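Only one structure is covered here, and it is reproduced in the block below.
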Amino acid sequence: MMKSTSKPAILGGERLKAEPWPNWPYMTDGDIEELVQVLKSGNWCRICYGEDSDESKIVQFERSFARMQDARYAVSCSNGTAALEIALRAAGIKPGDEVIVPAFTFIASASAVLQIGGLPVFADIEEDTFCIDPDSVEQLINPNTRGIVVVHMGGRPANMDRIMEIARKHRLIVIEDCAQANLAEWRGQKVGSIGDAGTFSFQNSKNISSGEGGAVTTNSEEIADMSYSLHHIGRKKGDRFYTHHYASWNYRLTEIQAAILLSQMSRAEEQNAIRQENGRYLYELLSGIEGIRLPRQDDRITNNGYHLYLFNIDEERFGINRDLLLEALYAEGVPLFGGYGPLYKNPLFTEKNFGVNGYIEGKTVDYQSAYCPNVEKVSKTGMGFYQSTLLGTREDMETLAESIIRIRNHAHELKSRGNS
Ligand SMILES: Cc1ncc(COP(=O)(O)O)c(C=O)c1O
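The following block contains the structure:
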């Protein structure tokens with residue numbers, strides 16, 4: 359109690375937590391051992407081994423990762439953006455096809471569609487889940503629509519019941535963007551195994567990381583084989599090495615990255631359990647603070663991947679707006695996610711800087727008039743804590759809540775700071 363009445367750091371008070379918050383990526387001696395093993399072997403890339411060699415770290419990783427995500431197949435690749443391009447193309451999106459994408463996500467969810475010649479069409483999100491709004495998806499469907507990219511934002515699964523129902527009704531391809539959501543589960547089933555394909559990122563900040571990296575998961579042998587080809591300059595499994603069937607890039611992961619991923623993955627469930635526990639406790643602590651709007655609880659979410667712990671700030675009830683709260687929490691030393699802007703406001707879309715892509719004869723989308731009310735709103739009110747912060751202690755969660763409370767208690771002073 360004493361703590362929350364003291365001055366926040368931004369007004370000259372002492373930080374509630376003097377030590378730094380948990381660091382990321384997290385590394386152990388096990389990671390180093392795995393790495394040294396690969397370095398010493400001299401086999402640093404996929405083609406050093408046969409296609410399905412048990413010795414290959416890449417093959418080992420793909421098998422384990424598929425199991426982890428309840429999928430029959432996983433194909434690794436260089437990053438989550440490449441995974442999206444590969445999955446969209448492998449699942450059958452063609453140049454000129456419209457693909458519905460939420461307007462509140464990382465740019466790759468939409469730019470990957472452009473990169474394969476498709477046209478992203480922006481759907482709104484639900485304010486209280488940060489995920490794509492199925493009603494908005496339905497409104498955007500027209501004869502050119504071929505697919506939906508569903509983003510499990512921050513690790514929270516989107517409403518896959520509704521999305522799959524809509525997709526079946528309109529015969530649409532569903533790609534789950536799970537970059538932020540490994541281990542997340544919708545009604546007992548892991549994300550990335552519900553739609554036609556799932557895509558993952560292992561970039562530095564992600565819950566499983568090798569600096570850069572990605573994967574496509576699927577239950578379809580056809581999509582898995584095509585993904586393999588597309589990440590491997592059009593080579594086909596079982597065919598001669600210098601025979602290429604499709605125009606594509608080299609999107610291969612390295613053995614070095616796969617070794618780190620295998621080691622990182624061995625801790626993933628344990629770390630996810632800590633985030634779950636802290637996430638539940640934070641919900642309890644933050645739900646009593648006026649002006650903090652926490653996401654809707656949903657029993658169908660049987661596991662949250664918790665890449666981000668997201669919430670909204672109601673300026674009127676909290677006393678200051680989201681940006682001022684971010685500034686005040688930064689001063690407390692808390693690492694923070696400040697939200698995305700509406701994707702359609704990027705010059706990429708407003709100026710249609712699509713390069714060779716996106717100019718399919720007779721097909722176009724009017725991005726200038728795109729407008730998603732909830733995305734507009736949430737881009738000003740949404741914020742979150744990172745997954746690494748959720749790996750802190752129970753006391754750390756109390757410190758987070760205390761920090762917010764004391765900032766709120768000094769809202770008036772903070773607001774008038776600029777006017778004095
Ligand atoms: C939702 C989402 N999709 C795709 C990506 C792209 O992943 P990568 O950075 O590995 O290309 C990210 C990464 O930040 C992401 O958050």
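Heads up: the sequence shown is residues 359 to 778, going by the numbering used here. Cβ coordinates follow ideal geometry from the N, Cα and C atoms, glycine included. Values in this document were obtained by computation on a predicted structure and should not be read as measured data.
* Who are M741's beta bridge partners in DSSP? -> F669
* Is DSSP giving R529 helix, strand or coil here? -> coil
* Asked: Comparing alpha-carbon positions, which option in R520, S414, L611 and T487 lies nearest V396?
  -> S414
* Assign E377 to one of two classes, buried (16 or more other C-beta atoms within 10 Å of its C-beta) or exposed (fewer than that). => exposed
* Neighbourhood of M359 by C-beta distance below 8 Å, restricted to the same chain and skipping five residues each side -> With a pLDDT of 44 at M359, under the threshold of 50, the predicted position of this residue should be treated as unreliable, and no value is reported.
* Count the CB pairs spanning the region 654–672 and the region 737–745 that are closer than 8 Å, and state whether there are at least three. => yes
* Asked: Is it the case that the CB of D535 approaches a heavy atom of ligand 1 more closely than 8 Å?
  -> yes
* Asked: When DSSP builds the beta bridges, which residues end up paired with T503?
  -> E456
* Asked: Sorry if obvious, but does the Cβ on V509 come closer than 8 Å to a heavy atom of ligand 1?
  -> yes
* Y431 - DSSP class collapsed to helix/strand/coil -> strand
* **Nonlocal neighbours in the same chain, by C-beta distance under 7 Å from Y641, ignoring five residues either side** => L652
* Asked: DSSP on Q547, reduced to helix/strand/coil?
  -> strand
* To do: Identify every residue that forms a DSSP beta bridge with L477.
  => E456
* Asked: Roughly how many angstroms separate the alpha carbons of E613 and A573, rounded to a whole number?
  -> 14 Å
* Asked: Applying the criterion that 16 or more other CB atoms from any shown protein chain within 10 Å of the CB defines a buried residue, is I483 buried or exposed?
  -> buried
* To do: Note down the Cα distance separating H770 from R764, rounded to an integer number of angstroms.
  => 12 Å
* Mapping DSSP to helix, strand and coil, what is E534? -> strand
* Contact under 9 Å by Cβ, G649 with R775 -> no
* Relative to ligand 1, is the shortest distance from any of its heavy atoms to the C-beta of N340 smaller than 8 Å? -> Residue 340 lies beyond the stretch modelled for the chain, which goes from 359 to 778, so this question has no answer here.
* Under 9 Å, do L611 and G571 count as touching if we go by C-beta distance? -> yes
* **Exposed unless 16 or more other CB atoms sit within 10 angstroms - verdict on I405** => exposed
* Asked: For ligand 1, is there a heavy atom less than 8 Å away from the beta-carbon of T463?
  -> yes
* To do: Give the single residue among A432, N517 and E579 whose Cα lies nearest to the Cα of I784.
  => Any property of residue 784 remains undetermined from this structure, which presents the chain solely from 359 to 778.
* To do: For my contact list, F488 and G740 are in at a C-beta cut-off of 8 Å; report their separation, rounded to the angstrom.
  => 7 Å
* Please work out which residues of its chain come closer than 7 Å, Cβ to Cβ, to I416, disregarding the five sequence neighbours upstream and downstream, and give them in chain order. => R404, S434, L611, E613 and A616
* **Proximity of G438 and K452 at Cβ, strictly below 9 Å** => no
* Closer than 8 Å: is that where the CB of F480 sits relative to any heavy atom of ligand 1? -> no
* **Same chain, Cβ closer than 8 Å to P705, five either side skipped, listed in chain order** => N711
* **Where F560 falls: helix, strand or coil (DSSP)** => coil
* Identify whether A617 lies in helix, strand or coil by the three-state DSSP scheme. => helix
* Asked: Could you give the distance in angstroms between the alpha-carbon of Y639 and the alpha-carbon of A759?
  -> 10 Å
* **In chain order, each alpha helix (DSSP H) run of at least 4 residues that lies wholly inside the region 668–714** => 673–676, 680–689 and 705–708
* Quick one: give me the first and last residue of the beta strand (DSSP E) that I416 is part of. => Premise fails: I416 lies in the alpha helix (DSSP H), K415 to M426, not in any beta strand (DSSP E).
* Asked: For K527, is the classification buried or exposed, using 16 other Cβ atoms within 10 angstroms of its Cβ as the cut-off for buried?
  -> exposed
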